[in-house]
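Taking it in order: structure first as structure tokens, then the write-up.
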Amino acid sequence: MTMQRIFGSPMAGVVSVDGLRKRYRRHDPWAVDGVTFALEPGQAFGLLGPNGAGKSTVVKIIAGLLRPDEGKVELFGSDPGDPASRKNLGFAPEDPDFPKFLRAAEVLDYFASLLGLDEAERRRRIPETLEFAGLDKERRQVRQYSKGMKQRLGIAQAILGRPKLLILDEPTADLDPLGRRDVRALIDQLKESGVAVLLNSHLLSEVELVCDTVAILAKGRVLKEGTMADVVPQGKNLEDVFVELVQANAPARDQLPSFITEKDKP
Amino acid sequence: MSGTLAVVRYSLVELSRRRILIVFFAVGAAGIVLIATLLKVFTTALTGNVSFQSSGSSLDPATLDHALELGFVSDIISVLGLFALLIAFGIGMTVIYHDLESGAAISIFSKPVSRVAFTAGKVAAAIVAMIVIVGVLGIEARLVMVLFGTGDLGPALWWETVAQVANAITLMLLVMALSTWMNNIIAAVVAFIYNAVAGVVVALHAQALAGGLGNNAVLKTGLDVLYWVVPHALISDAPREIAKAEFALVAAASRGGPTADQFLSSVPSASGATDILWWAFGIAVFALLVYSAVRRRQV
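Now the structure itself:
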């Protein structure tokens, strides 16, 4: 199955995020605080940060799932809250879940209908997508799936609509090494066919392999942003840069629990 | 529109696979057949061996048989109503709650579907499921009645089935609306309490109209207000038709009893156009509550 056949021509100005701020309750600290970036066709953008940095909040706002409190977000030039703007979006969420009494093919048919695909197109795309996800022989209902199988289905539904922007939120967290390799190959193919990819991952080696541009977030703020060459100086890797930046912006956590360090008494 | 239809289609597929609904439906279907069979066995044994004495007159076996048939119809209506309520809880607790709580909503709402289309699909699927399930139970009840004989009360049962479905839809939408704001079990408990309170209000209102609560104008006005504040249950001709038939039996078996008007005064008459409009308004309000919760939900 070639990705070039699945994905269509790119569009200019995929995502623009400007001064984005979001908090979940009035007195909470900002989950996202003044984030700005843009994503162009064919670009793979890595959004990095420790737990609670605000990465998932940013991608959910871009996907129209959350409303920003301040700032402006445009998806293909429109408000992500407008359903039409999400026509060319594929979103594979972290810990994906689906209507649990449906089977994989039914989930894809359901989502294909939501995408407005006609019967002939559904018949063509669904078996191919299931095959790509390794779920073509799976007959059980989603409630019986492992986390890894749900993650595969999450990626499958995200690419079903031939998106021009693919958002992958921790896409390989529950995948085995083969699954991770497939996702990397998918991202490479998508980039070649002009699709923009927004990758949100803790696996820095993976991000380093596939992304052209990265932004490192902590406490909702962008600590550093740029091309991989800008962010990672010669002789260092992304993990070194990430740890330095995050530790400089967070209280030190170098003390292990005492029961770990103490020696067994005879 | 295609988004709404997709939500309807796959919500119905999901509902058809939910064990709780399958169990409620199976128990309801078996309950109707069981009651009918027991009643038939009981009727056959009783009319063959017993001469019933009342106020100096005796009921012949045919009259006694008719009395038991009326009891049968009344029991069937009760069984139908009970299972319509159970199914209302079953659908209301599950049709939208799991999508919103499980994270399925994240995948759904990232597609080009509006939340109003999603809500409309969920509400439509729930209503269709309710009509189909209770409708099938109603058809089964009618078939059982044809098999065992029910006099001329058949049409009344049809309208009673419609009323049961309508009342169950109100409760189902209330549970749905509440389950978008709170845990679905708590939603069911709140809806159950509401349903009990609404039932008491309707019963007291009927008593007040029949003069059973005296002539206290304040009490009557208060009950009137309460009756029109809570979306009250719709009533078909069936209870009155059954009461009329029972009165005919009582009149045949005794002398000097109450008049037909006295006998029927405490039996509520069928809902009128205003009640139906009020029901439709209640349905619209609950559907809007569901939409409001879905629209505000940040997943």
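Residue numbers (this note's numbering), protein chains in the order written: chain A, 1 to 266; chain B, 1001 to 1299. Even glycine gets a Cβ: it sits at the ideal position worked out from N, Cα and C.
Short Cβ contact (7 angstroms threshold) for L217(A) with K55(A): Within the first sequence, numbered from 1, the residue matching residue 217(A) stands at position 217. Within the first sequence, numbered from 1, the residue matching residue 55(A) stands at position 55. Between L217(A) and K55(A), the C-beta spacing is below 7 angstroms.
Specify the secondary structure class of D1224(B) as computed by DSSP and reduced to three states. Here the question's residue 1224(B) lines up with position 224 in the second sequence. Residue state, collapsed to three classes: helix.
Measuring CB to CB, does R152(A) end up less than 7 angstroms from A133(A)? The sequence position of residue 152(A) within the first sequence is 152, counting from 1. The sequence position of residue 133(A) within the first sequence is 133, counting from 1. Contact flag set, yes.
Just list the alpha helix (DSSP H) runs in the region 1156-1209 of chain B, keeping only unbroken ones of 4 residues or longer that don't cross its boundaries, in chain order. 1184-1209
According to DSSP, is A1300(B) part of a helix, a strand, or is it coil? As displayed, chain B neither begins before 1001 nor continues past 1299, which places residue 1300(B) out of reach and without an answer.
Test item: CB-CB of L102(A) and V142(A) under 7 angstroms: Against the first sequence, residue 102(A) aligns to sequence position 102. Against the first sequence, residue 142(A) aligns to sequence position 142. Against a cut-off of 7 angstroms, the Cβ pair of V142(A) and L102(A) comes out as a contact.
Just reading off the alpha helix (DSSP H) that I1235(B) is part of, what are its end residues? By one-based count along the second sequence, residue 1235(B) stands at place 235. Counted as a single uninterrupted DSSP element, the stretch harbouring I1235(B) is not any alpha helix (DSSP H), since DSSP gives it neither H nor E.
Pick from K1040(B), Y1291(B), V1033(B), R1009(B) that is closest to W1181(B), judged by C-alpha positions: For the purposes of this step, residue 1181(B) is identified with residue 181 of the second sequence, where counting begins at 1. The shortest Cα separation from W1181(B) among K1040(B), Y1291(B), V1033(B), R1009(B) belongs to Y1291(B).
Residue-level contact to chain B via CB, Y110(A), 7 angstroms cutoff: Looking up residue 110(A) in the first sequence gives position 110. For Y110(A), the answer is yes, since a Cβ of chain B falls inside 7 angstroms of its Cβ.
Which first and last residues belong to the beta strand (DSSP E) in which V17(A) is found? The residue given as residue 17(A) occupies position 17 in the first sequence. First-last of the beta strand (DSSP E) with V17(A): 15-22.
If we ignore side chains and look at the alpha-carbon of each, how far apart do T36(A) and K137(A) end up? Walking along the first sequence from the start, residue 36(A) turns up at place 36. Walking along the first sequence from the start, residue 137(A) turns up at place 137. Our two residues, T36(A) and K137(A), have alpha carbons roughly 43 angstroms apart in a direct line.
Chain-order list of residues whose beta-carbon lies under 6 angstroms from that of L1086(B) (same chain, five-residue window excluded): Working through the second sequence from its first residue, we reach residue 1086(B) at position 86. Excluding sequence neighbours, L1086(B) sits near F1024.
Let me know if S1054(B) comes out buried or exposed under the rule of 16 or more other beta-carbons within 10 Å of its beta-carbon. In the second sequence, the residue the question calls residue 1054(B) occupies position 54. At S1054(B) the pLDDT is 49, less than 50, meaning the model places this residue with poor confidence; the figure from the coordinates comes in the next sentence. With fewer than 16 other CB atoms across the displayed protein chains lying within 10 angstroms of its CB, S1054(B) is exposed.
Determine the chain B residues that contact R67(A) at a beta-carbon separation under 9 angstroms, and present them in chain order. Position 67 of the first sequence, counting from 1, holds the residue named residue 67(A). Within chain B, the residues near R67(A) are Q1298.
Chain-ordered chain A contacts of K1122(B) [CB-CB under 9 angstroms]: Residue 1122(B) sits at position 122 when you count from the first residue of the second sequence. Neighbours of K1122(B) on chain A: none; closest Cβ ~11 angstroms, over 9 angstroms.
Using the three-state DSSP reduction, which class does E244(A) fall into: helix, strand or coil? Looking up residue 244(A) in the first sequence gives position 244. Reduced to three states, the DSSP call for E244(A) is helix.
For chain A, find out if any of its Cβ atoms is closer than 7 angstroms to the Cβ of V1128(B); answer yes or no. What you label residue 1128(B) is simply residue 128 of the second sequence in a count that begins at 1. No, no contact with chain A.
For T36(A), name the three-state secondary structure that DSSP assigns. On the first sequence, residue 36(A) is found 36 positions in, with the first residue counted as 1. Assigned with DSSP and collapsed to three states, T36(A) falls in strand.
Note down, in chain order, every chain B residue with its Cβ under 8 angstroms from the Cβ of A84(A). Within the first sequence, residue 84(A) is the residue found at index 84, counting from 1. Those within 8 angstroms of A84(A) in chain B are P1112.
Would W1279(B) pass as an interface residue toward chain A - the criterion being a Cβ-Cβ separation below 7 angstroms? On the second sequence, position 279 is the one that residue 1279(B) refers to. Answer no: the Cβ-Cβ gap between W1279(B) and chain A never drops below 7 angstroms.
Y24(A) burial status per 10 Å Cβ neighbour count (16 or more: buried): Reading the first sequence from its first residue, position 24 is the one you call residue 24(A). Exposed, since its Cβ has fewer than 16 Cβ neighbours within 10 Å.
Within a Cβ cutoff of 6 angstroms, which residues of the same chain sit near N1183(B), ignoring the five residues on either side of it in sequence? Taking the second sequence and counting its residues from 1, the one referred to as residue 1183(B) is at position 183. Result list for N1183(B): empty, nothing under 6 angstroms.
Determine the DSSP secondary structure at K263(A), reduced to helix, strand or coil. Locating residue 263(A) in the first sequence gives position 263, where the first residue counts as 1. K263(A): coil per DSSP, three-state reduction.
Using a Cβ cut-off of 7 angstroms, pull out every chain A residue sitting near A1006(B), in sequence order please. Mapped onto the second sequence, residue 1006(B) falls at position 6. Residues of chain A passing the Cβ test: Y110, S113, L114.
What residues are listed by DSSP as bridge partners for A1045(B)? Along the second sequence, read from residue 1 onward, the residue named residue 1045(B) stands at position 45. Per DSSP, none; premise fails for A1045(B).
How far does the beta strand (DSSP E) with G214(A) in it extend, from its first residue to its last? By one-based count along the first sequence, residue 214(A) stands at place 214. First, the amino acid is wrong: residue 214(A) is Val here, not Gly. Where V214(A) is concerned, the enclosing beta strand (DSSP E) stretches over 213-218.
Measure the CB-CB distance between I1242(B) and P1268(B) and report whether it falls below 7 angstroms. As a position in the second sequence, residue 1242(B) is number 242, starting the count at 1. As a position in the second sequence, residue 1268(B) is number 268, starting the count at 1. Remark: C-beta atoms of I1242(B) and P1268(B) do not approach each other more closely than 7 angstroms.
Would you say F101(A) lies against chain B (beta-carbon separation less than 7 angstroms)? Taking the first residue of the first sequence as 1, we reach residue 101(A) at position 101. With 7 angstroms as the cut-off, F101(A) counts as an interface residue toward chain B.
Apart from the five residues on each side of it in sequence, which residues of its chain come closer than 6 angstroms, Cβ to Cβ, to P1239(B)? One-based indexing of the second sequence puts residue 1239(B) at position 239. Once the five neighbours on either side are set aside, the close Cβ partners of P1239(B) are V1267.
Report the option in R122(A), V59(A), V15(A) whose CA atom is closest to the CA atom of D169(A). Here residue 169(A) refers to the residue found at position 169 when the first sequence is read from its first residue. If we check each option's Cα against that of D169(A), V59(A) comes out closest.
Of the residues that make up the region 46-66 of chain A, which ones have a beta carbon closer than 8 angstroms to any beta carbon in chain B? K60, A63, G64, L65, L66
Please report the distance separating the alpha-carbon of A1168(B) from that of L1137(B). To locate residue 1168(B), count along the second sequence from 1; it is residue 168. To locate residue 1137(B), count along the second sequence from 1; it is residue 137. Approximately 14 angstroms between the Cα atoms of the pair.
Please compile the residues from chain B whose C-beta is within a distance smaller than 7 angstroms of the C-beta of S87(A). Counting from 1 along the first sequence, the entry for residue 87(A) is found at position 87. As written in the sequence, residue 87(A) is Lys, which differs from the Ser given in the question. Within 7 angstroms Cβ-Cβ: P1112.
Tell me which residues of the region 131-160 of chain A have at least one Cβ-Cβ distance to chain B shorter than 8 angstroms, keeping chain order. Q141, G154, Q157
G1103(B) touches chain A at which residues, Cβ-Cβ below 8 angstroms? Taking the second sequence and counting its residues from 1, the one referred to as residue 1103(B) is at position 103. What G1103(B) touches in chain A: P93, D95, P96, D97.
By how many angstroms is the C-alpha of I1186(B) removed from the C-alpha of D1224(B)? Here residue 1224(B) refers to the residue found at position 224 of the second sequence. Here residue 1186(B) refers to the residue found at position 186 of the second sequence. Cα to Cα, the separation comes out at about 29 angstroms.
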